[in-house]
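A.B. asks: Chains V and G, in that order, are what the protein sequence lines are.
Each residue of the first sequence is one higher than the last, beginning at 1 in this note's numbering.
Each residue of the second sequence is one higher than the last, beginning at 1001 in this note's numbering.
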Amino acid sequence: MEKTTSPLISIRGLTKAYGTFTVLHGIDLDVAEGEVVCVIGPSGSGKSTLIRCINHLEAFQPDSSITVDGIRVAPGPALAKVRAEVGMVFQSFNLFPHMTVLRNVMIAPIRVRKTPEADAERKARELLARVGISEQAEKFPGQLSGGQQQRVAIARALAMEPRVLLFDEPTSALDPEMVGEVLDVMRKLAGTGVTMVIVTHEMGFARQVADRVIFMDGGRLVESGKPSDIFDNPKEARTRGFLRAVLNH
Amino acid sequence: MNLINTFFNIPVFLNSLPQLLWGLVVTIQIGITSILCGLVGGLFLAVARLYAPSAFTLLIRVYIDIFRSIPLLVLLIVVYYALPFVGIRLSPFLSAVTALSLVSAAYTAEIFRAGIEAVPHGQFEASAALGLSNRNTMVDIILPQAIRIVIPPLTNNCINVMKDTALASVVAMPDLLKQATQAQALNANPTPLIGAALIYIALLWPMVAVVTRLERHFNRGKR
């Protein structure tokens, strides 16, 4: 073993199939504590499925193994523990529309961590200030712009103080003028040492923020390396083809 | 003049009014008890159907289909006249409430299921990703959204249950209809029946109006 500390997320032989159609072909991946990993690749390459397996929103083949902080990800009582440690931000925000923004951020700590209401509220207001939307705390999600909603979703995930944050194409459903404000929040987060796994089509962001970039295609992990290696000097022909297509348009 | 004396005979009406009002009280008792039992039962069935093991969900589906198919009058007569042969002897009130609740629970379960299914899947995923338990997901996230959707159809179902309480008169329950038919026989005049009909309308018209308003309100909210 060349590493001194065990990885925070460890994925071994991750295989996922819908009937006879295989979406993921035996993925191996380790993510270290504090690492920011960006996953890129064409649509349908299995990027989203990969990160949705990490908190078991997608079931996977039983001979595959994922552990988060040493806990095996599998159906059962331990799963709630894993999910409490793994925050997720969705493409379509998925805020709770019947609750105020503040309540959206408070609800999980209150219910899952049994945090007292007052503490949860103080923490929620802090987080909303951190993502720049404290003035909107009493509004309902439907009254906010897409960019604001996604920032609330990030605050909601952070409220659980997760060990890892998963981002599933967090800017893909946003109007172009709102992409920047969400990426800014994520950039700041990356600077604070939070472990992040980000599925994204924002190549500039990936190059700037990622410690490591992973290129996936056809349900396989094709290439993995430092952003400069992947973007400037890709080894695999498929990576080169993909980057040529997305960067020169 | 003759017509008025026959159908809207004031002295007969006043004479039978106390009896009709007692009948109304019984009707409301049967109705509200059955509505509450049906709501609790229906909600339980709908949620159990989501989370229970598949053998159990099959059982729930069979239950729902049977009680949506059986005519209420048939069920009521089976409960009241057939069950005593196996030693289950229910009072007219309990027979009526049992039959109405069994059927109402089946319809309510379908209404709740449709409401829960109308909540976007992302809400379940966001709840799961935060580590919320199944119970918290239902109570805090899904049901508050589903209930908004199901209030109009649920109110409709309540109206139907209230109307169907009239069937209890066939098992000798002294409800509004039964009291009216007795008063009619006593007075040899159909005015009490007309009175009962008017009381049913007065009782249910406001609920019908509420449903119409709710439906309009929620449809506007959707846009």
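Ideal placement from N, C-alpha and C gives every residue a C-beta, glycine not left out.
Note that the coordinates shown come from a computational prediction; the quantities given were computed from them, not determined experimentally.
Distance check for C53(V) and F96(V), CA to CA, integer angstroms please.
C.D. replies: 23 Å
A.B. asks: For E2(V) and M186(V), what's the separation of their Cα atoms in angstroms?
C.D. replies: Confidence at E2(V) is low in this model, with a pLDDT of 45, below 50, so the placement of that residue should be treated as unreliable; the coordinate-derived value is given next. E2(V) and M186(V): Cα-Cα distance of roughly 30 Å.
A.B. asks: Taking 7 Å as the CB-CB limit, is E2(V) close to chain G?
C.D. replies: Note that E2(V) has pLDDT 45, beneath the 50 cutoff, so the model's placement of it is unreliable and the number below is only indicative. Chain G contact via Cβ: absent.
A.B. asks: By the DSSP assignment, the beta strand (DSSP E) with F215(V) in it spans what residues?
C.D. replies: Start and end: R212 to D217.
A.B. asks: Between which two residues does the beta strand (DSSP E) holding D30(V) run?
C.D. replies: Counting along the chain, the beta strand (DSSP E) containing D30(V) begins and ends at F21 to V31.
A.B. asks: Inspect the CB distances between the region 161-175 of chain V and the region 194-205 of chain V and report whether three or more fall short of 8 Å.
C.D. replies: yes
A.B. asks: Using only CA atoms, which one of N1134(G), D1065(G), L1130(G) and T1098(G) lies nearest to V1047(G)?
C.D. replies: N1134(G)
A.B. asks: For a minimum of 3 consecutive residues, which ranges assigned as the beta strand (DSSP E) are wholly contained in the region 173-244 of chain V?
C.D. replies: 195-199, 212-217 and 220-225
A.B. asks: Report yes or no: is there a C-beta of chain V within less than 7 Å of the C-beta of H1217(G)?
C.D. replies: No, its Cβ sits nowhere closer than 7 Å to a Cβ of chain V.
A.B. asks: Can you round the beta-carbon distance between V105(V) and K139(V) to whole angstroms, since I take them to be within the 8 Å contact cut?
C.D. replies: Contact doesn't hold; Cβ gap of about 12 Å is too wide.
A.B. asks: Taking CB distances under 7 Å as the criterion, tell me whether F57(V) reaches chain G.
C.D. replies: Note that residue 57(V) is Leu in the sequence shown, not Phe. Chain G, which has a Cβ nearer than 7 Å to the Cβ of L57(V), makes this yes.
A.B. asks: Answer yes or no: do M1162(G) and A1096(G) have a C-beta to C-beta separation smaller than 7 Å?
C.D. replies: Going by beta carbons, M1162(G) and A1096(G) fall outside the 7 Å limit.
A.B. asks: By a C-beta neighbour count over all protein chains shown, 10 Å radius and 16 as the cutoff for buried, is F1067(G) buried or exposed?
C.D. replies: By the neighbour-count rule (16 or more Cβ atoms within 10 Å), F1067(G) is buried.
A.B. asks: Once DSSP output is grouped into helix, strand and coil, what is the label at M160(V)?
C.D. replies: coil
A.B. asks: By DSSP, does T115(V) sit in helix, in strand, or in coil?
C.D. replies: coil
A.B. asks: Whole-angstrom Cβ separation of F215(V) and V222(V), contact assumed at under 8 Å?
C.D. replies: The C-beta distance from F215(V) to V222(V) rounds to 5 Å, short enough to fall under 8 Å.
A.B. asks: Kindly list the residues whose CB is nearer than 7 Å to the CB of I230(V), restricted to its own chain and excluding five residues on each side of it in sequence; keep chain order.
C.D. replies: V213, F215, E223 and T239
A.B. asks: For the alpha helix (DSSP H) containing Y1107(G), list its first residue and its last residue.
C.D. replies: Taken as a continuous stretch (DSSP letters only), the alpha helix (DSSP H) holding Y1107(G) covers P1092 to A1118.
A.B. asks: Using a Cβ-Cβ cutoff of less than 8 Å, which residues in the same chain neighbour I1064(G) once the five nearest sequence positions on both sides are dropped?
C.D. replies: Excluding the 5 residues flanking it on each side, I1064(G) has same chain C-beta neighbours closer than 8 Å at L1045, A1106, A1109 and E1110, in chain order.
A.B. asks: What does DSSP give as the partner residues of T67(V) in its beta bridges?
C.D. replies: S10(V) and R72(V)
A.B. asks: With a threshold of 6 Å (Cβ to nearest heavy atom), would T1057(G) be considered close to the ligand MG?
C.D. replies: This structure does not include the ligand MG; it has no bound ligands of any sort.
A.B. asks: With distances taken Cα to Cα, identify the nearest neighbour of R220(V) among G26(V), S6(V) and G19(V).
C.D. replies: G26(V)
A.B. asks: Looking at the secondary structure, which residues open and close the alpha helix (DSSP H) in which V1074(G) lies?
C.D. replies: L1072 to I1077
A.B. asks: Does any residue of chain G have a CB that is nearer than 7 Å to the CB of L96(V)?
C.D. replies: Residue identity differs from the one stated: residue 96(V) is Phe in this sequence, not Leu. Yes, contact with chain G.
A.B. asks: Taking DSSP as the reference, what is the three-state secondary structure of K16(V)?
C.D. replies: Judged by DSSP in its simplified three-state form, K16(V) adopts strand.
A.B. asks: What's the C-alpha gap between I1149(G) and L1014(G)?
C.D. replies: 43 Å
A.B. asks: Which residues bound the alpha helix (DSSP H) around M1138(G)?
C.D. replies: No alpha helix (DSSP H) holds M1138(G); DSSP gives it neither H nor E.
A.B. asks: Quick one: what's got a C-beta closer than 8 Å to G13(V)'s C-beta in the same chain, skipping five residues either side?
C.D. replies: G26, I27, D28, D63, S64 and S65
A.B. asks: Whole angstroms is fine: what's the gap from R1223(G)'s alpha carbon to P1153(G)'s?
C.D. replies: Because R1223(G) sits at a pLDDT of 39, beneath the cut-off of 50, its placement in the model cannot be relied upon, and the following sentence gives the value as read from the coordinates. If I take the Cα positions, the gap works out to 19 Å.
A.B. asks: Check the DSSP bridge columns for C38(V) and list the partner residues they point to.
C.D. replies: I198(V) and V213(V)
A.B. asks: DSSP state of V131(V), grouped into three classes?
C.D. replies: Here V131(V) sits in coil by DSSP.
A.B. asks: Please report whether the beta-carbon of I1141(G) lies at a distance below 7 Å from any beta-carbon of chain V.
C.D. replies: yes
A.B. asks: I need the DSSP call for L166(V), collapsed to helix, strand or coil.
C.D. replies: strand
A.B. asks: Just how far apart, CA to CA, sit V1074(G) and L158(V)?
C.D. replies: 58 Å
A.B. asks: What residues in the region 185-202 of chain V bring their beta carbon closer than 9 Å to a beta carbon of chain G?
C.D. replies: none
A.B. asks: With distances taken between CB atoms, is the gap from G146(V) to M99(V) smaller than 7 Å?
C.D. replies: no
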